[in-house]
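Residues in the sequence shown are numbered consecutively from 1, following the UniProt record's numbering. One structure is given below, encoded as structure tokens.
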Amino acid sequence: MLAMCGNRGMHKCGSQINAGKMHDEMIKAGFSPCITTYNSFLNALARRGDWRAAESVILDMRNKGFKPNETTYSLMLHSYSKGGNIRGVERIAKEIYDGHIFPSWMLLRTLILANFKCRSLRGMERAFQEFLKNGYKPDLVLINSMISIFARNKMYERAHEMLHFIRECGLQPDLVTYNSLMDMYARAGECWKAQEVLNGLVEGGGRPDLVSYNTVIKGFCRQGLMQEAMRTFTEMTNRGIRPCIVTYNTFIAGFAGRGFFQEVDEVISYMIQHNCRPNELTYNTVVDGYCKAKRYKDAMDFVSTIKEKDTTYSEQALQRLVYRVRENMES
């Protein structure tokens, strides 16, 4: 039985595993389950975010006389965070803070990242404080996560504090660090500072990726600096980085939001020529731009020409666009 359902088998079985039945079958086959066996079940379920089934495994463990260990709790945190169950994460956190579970380096690290995945700023801050209180040294993944969540919540001073903390810990910022800083500045409307971070990355011998350039382009487009966005686009393609649908949709949002519909048409034609098919968001953005300018007839004309440019676009999607225009006209 174990040979048939080792770690690989358990990953395939996922939430279909019934720990109790598996336990009974193992006993019949002459095998005795151990904590490692149960943790293997939990590992399979954590990959799927199937926290309900994982809770059943924990219950079965306890009924069979097994006590969860550090790995068990870490896997439960993975299950809860992957499944978007912040309450489950908070329950384990409370047990740790109340002294019922030993706050090891690995467990507190997992708790911080579980809160990050659930976008819980309060939970992350509390877990990080507990981490430092225990005298643990954070790694770059943890600090980058803290920078990212502070940036998302417009807590720019705290993000800068974490940047200094990286160096205090004897670590070096990596691409994720730089991308988080660029995103922070782009969100704050400080697109030139995002550009400075990008320049610093390049000058320091780093290699920006698609996320880096998309972030700076987004910052310029949001401020209406379309020429600067185009310059960044050219720099990106010259480096051999291929734009994606996010890149093009960012430009379309920038042009459409300012009424530059000729440029919008040029971007869409360029996309199609370069084998990047527009998606529903692309066309929704254009239609919304026309409607914002109260150019409803132009919006309808645009929808009627989509099939000429994009023969693969479905009739159902076209009808949704027509409905979108009419809805805007009536509002």
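C-beta atoms are modelled at their ideal positions from N, C-alpha and C, and glycine is treated no differently.
Endpoints, alpha helix (DSSP H) assigned at residue i
| i | result |
| --- | --- |
| Met-182 | 175-187 |
| Ile-166 | 156-168 |
| Asn-115 | 105-117 |
| Tyr-136 | Element bounds for Tyr-136: n/a, residue is neither H nor E. |
| Glu-266 | 261-273 |
| residue 336 | One cannot answer for residue 336 here, as it falls past the ends of the chain, which runs 1 to 331. |
| Leu-75 | 70-82 |
| Gln-227 | 226-238 |
| Ala-151 | 140-152 |
| Ile-86 | 86-97 |
| Gln-195 | 191-203 |
| Ser-212 | 210-222 |
Neighbourhood of residue i by C-beta, 6 Å cutoff - its chain only, sequence neighbours within 5 removed
| i | result |
| --- | --- |
| Lys-117 | Ser-81 |
| Asp-298 | Tyr-290 |
| Trp-51 | Ser-79, Tyr-80, Gly-83, Asn-85, Gly-88 |
| Gly-123 | Asn-115 |
| Arg-324 | Val-287 |
| Met-162 | Ile-143, Met-146, Ile-147 |
| Leu-171 | Leu-140 |
| Leu-201 | Tyr-178, Pro-208 |
| Thr-247 | Asn-214 |
Other residues of its chain near residue i: CB distance less than 7 Å, five sequence neighbours each side excluded
| i | result |
| --- | --- |
| residue 374 | Within the shown structure, residues of the chain are numbered from 1 to 331, placing residue 374 beyond reach of any answer. |
| Gly-6 | With a pLDDT of only 41 at Gly-6, under 50, the local geometry of the prediction cannot be trusted, and the value read off the model is given with reservation. Answer for Gly-6: no residue qualifies. |
| Thr-311 | none |
| Thr-232 | Tyr-213, Val-216, Ile-217, Phe-220 |
| Gly-257 | Gly-289 |
| Asn-279 | Ile-245 |
| Asn-249 | Leu-281, Thr-282, Thr-285 |
| Pro-103 | Ile-96, Glu-130, Asn-134 |
| Cys-169 | Lys-137, Pro-138 |
| Leu-198 | Met-182, Pro-208, Ser-212, Val-216 |
Own chain partners of residue i with C-beta closer than 8 Å, once the 5 adjacent residues on each side are dropped
| i | result |
| --- | --- |
| Ile-237 | Here residue 237 is Thr; the residue named in the question, Ile, does not match the sequence. These residues qualify, in order along the chain: Pro-243. |
| Ile-306 | Tyr-283, Tyr-313, Leu-318, Leu-321 |
| Ile-149 | Phe-116, Arg-119, Leu-121, Met-124 |
Review point. Which parts of the stretch 280-321 are runs of the alpha helix (DSSP H), unbroken and 4 residues or longer, counting only runs that do not cross its ends?
Key: 280-292, 296-309
Exercise for review: Quick one: which unbroken alpha helix (DSSP H) runs of 4-plus residues sit fully inside the UniProt repeat "PPR" (34-68)? Chain order, please.
Suggested key: 35-48, 51-63
Check your understanding: Quick check: the stretch 63-83 against the stretch 104-115, are there 3 or more CB pairs under 8 Å?
Key -> The stretch 63-83 is in contact with the stretch 104-115.
Practice item. Tell me, please, whether the stretch 88-98 touches the stretch 62-69 by the rule of three or more beta-carbon pairs shorter than 8 Å. Key: no
Exercise for review: Answer yes if the stretch 142-155 comes into contact with the stretch 180-193, meaning at least three C-beta pairs across the two stretches below 8 Å, and no otherwise.
Suggested key: yes
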